[in-house]
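Below is one structure; the comments refer to it alone.
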Amino acid sequence: MAKSRSLSTTREQKELPLRIAAEREVDGVEMGVLSNGTSYLTIRGLARMCGVDHSVIVRVTDQLLNDPEKPRARQIRELIKGQGGNDGIVFFPVEKNGVLHHTIPDTVCMAILEYYAFEARGGDGQALKAYRALARKGFRDFIYAQVGYNPSGAVDVAWQQYQDRVSLVYDNVPAGYFCVFKEIAEMFVTLLQSGAKLGNGFIPDISVGQAWGKHWTADNLDNVYGMRRQFHHNYPDYFPQSASNPQPANCYPDDALPEFRRWMREHYLANGLPKYLVSKVKAGQLEAPAATIAVEAFKNRSLPAPK
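Mapping of the sequence shown onto UniProt numbering: residues 1 to 307, in sequence order.
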């Protein structure tokens, strides 16, 4: 995602505790949806749609914030207000991987795009083409569709993303073998019901798979159940991880299923999952109440069977 060191946050441009709910790059245009439902383009994404260098958009947004009475800034501000937008908010600062990024909300994107399509001297063919396409479809609806975001709520989005993952995996595992993703379906469902917003940055099967793989190797289970194999695993195309599709993933002989379920119940659910959820709370990817509900839901399942 594009970022800029030259943009500052003014008194009107308030810091908001937002995160990225969904994102994707389409034809070189970086776009996404924030956790409050706001659709956005990155600086580079907007620049590509406008047919200008990204440094031009940096200067435009800086002028909107710091020199708003300049003729260009005044025109764009009027266009923002004409769409019902807040001309005092030009971008939302969002932290990703420890770096602050600037996401430009829909009303600002459309205002700048309209300026370059119709108001800028000479106009721009690329900006006009993009503006017409977005005006027909609606900016927000277009972005939602491109990144697979469901506006009915974050939990619904998480369910849809999980279902999309299931549809890409269900028939890929060879007969006689099982994969971690399919076997932990109950865990996925419980997390979703607890309010966990699973997505491209919150993938529990990676945590389970890594821990189970270490257990398999440490106990030399190849010699007990037979060799594990690999199969093609794919992520939905709106996940960043899809760039390396198909990805090799391990699958295990069906004879090892009882051992996997015992290990899952007695070790991962009891110890690994709580640690994993705590890490997600610290990373801001999971609300603490949702983590507590999930841990409580799994407590009874991690107890040994009565004798």
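Think of the CB as a built atom: it goes at the ideal place given N, C-alpha and C, for glycine as much as any other residue.
| query | result |
| --- | --- |
| Measure how close the beta-carbons of T38 and D106 come, nearest whole angstrom, since I'm counting them as under 8 angstroms. | 7 angstroms |
| Please state if the CB of Y149 and the CB of F188 are separated by a distance shorter than 7 angstroms. | no |
| Look at M49 and A130 and say whether their C-beta atoms are less than 7 angstroms apart. | yes |
| Check the DSSP bridge columns for V33 and list the partner residues they point to. | A22, S39 |
| Taking 6 angstroms as the line, does the beta carbon of P174 fall inside it for any heavy atom of the ligand ADP? | With respect to the ligand ADP, the structure shown offers nothing to examine, as it has no ligands at all. |
| Quick check: H215 and W263, are their CB atoms within less than 7 angstroms of each other? | yes |
| From Q75 to P236, what does the alpha carbon distance come to, in whole angstroms? | 40 angstroms |
| Please go through the UniProt domain "BstA-like C-terminal" (159-282) and give each complete beta strand (DSSP E) segment of 3 or more residues, from N-terminal end onward. | 229-233, 247-253 |
| Write down every uninterrupted run of the beta strand (DSSP E) in the region 57-134 whose length is 3 residues or greater and which is fully enclosed by it, in chain order. | 92-96, 99-105 |
| Rounded to a whole number of angstroms, what is the C-alpha to C-alpha distance between V147 and V108? | 19 angstroms |
| Measure the C-alpha to C-alpha separation of S242 and L168 and round it to an integer number of angstroms. | 11 angstroms |
| Spatial neighbours of G125 within its chain, please: C-beta separation below 8 angstroms, excluding the five flanking residues on both sides. | G51 |
| Does DSSP classify L286 as helix, strand or coil? | coil |
| Can you name the start and end residues of the alpha helix (DSSP H) that V147 belongs to? | 139-147 |
| Hey, how far is the Cα of P258 from the Cα of D164? | 28 angstroms |
| Using the three-state DSSP reduction, which class does V157 fall into: helix, strand or coil? | helix |
| Can you tell me whether D87 is buried or exposed, with buried defined as 16 or more other CB within 10 angstroms of its CB? | buried |
| Within the same chain, show all residues whose beta-carbon is closer than 7 angstroms to that of D254, passing over the 5 residues directly before and after it, in chain order. | G176, Y177, F178 |
| Given this structure, state the Cα-to-Cα distance separating T292 from A21, to the nearest angstrom. | 22 angstroms |
| What would DSSP say about V52, mapped onto helix, strand or coil? | coil |
| Which residues in the same chain have their Cβ closer than 6 angstroms to the Cβ of N172, if we skip the five residues on either side of it in sequence? | F231, H232 |
| What separation, rounded to the nearest whole angstrom, lies between the Cα atoms of E30 and A218? | 43 angstroms |
| Under a three-way DSSP split, which group does G28 fall into? | coil |
| Report yes if the CB atom of A120 is closer than 7 angstroms to the CB atom of L128, and no otherwise. | no |
| Return the CA-CA distance between R265 and Y252, expressed in angstroms with no decimal places. | 18 angstroms |
| What residues in its chain sit with their C-beta under 7 angstroms from that of A297, if we drop five residues either side in the sequence? | T190, S194 |
| Buried or exposed: where does R77 fall if 16 or more other Cβ atoms within 10 Å of its Cβ makes it buried? | buried |
| Alpha carbons only, please: which of I206, V278, A73 is nearest the one belonging to A249? | I206 |
| Classify K280: buried if its beta carbon has 16 or more other beta carbons within 10 angstroms, exposed otherwise. | buried |
| In chain order, what residues of the same chain lie with their CB nearer than 8 angstroms to the CB of F202, ignoring the 5 residues before and after it? | A196, K280, Q285, L286 |
| Who are the Cβ neighbours of N245 in its own chain at under 7 angstroms, not counting the five residues just before and after it? | N234, Y235 |
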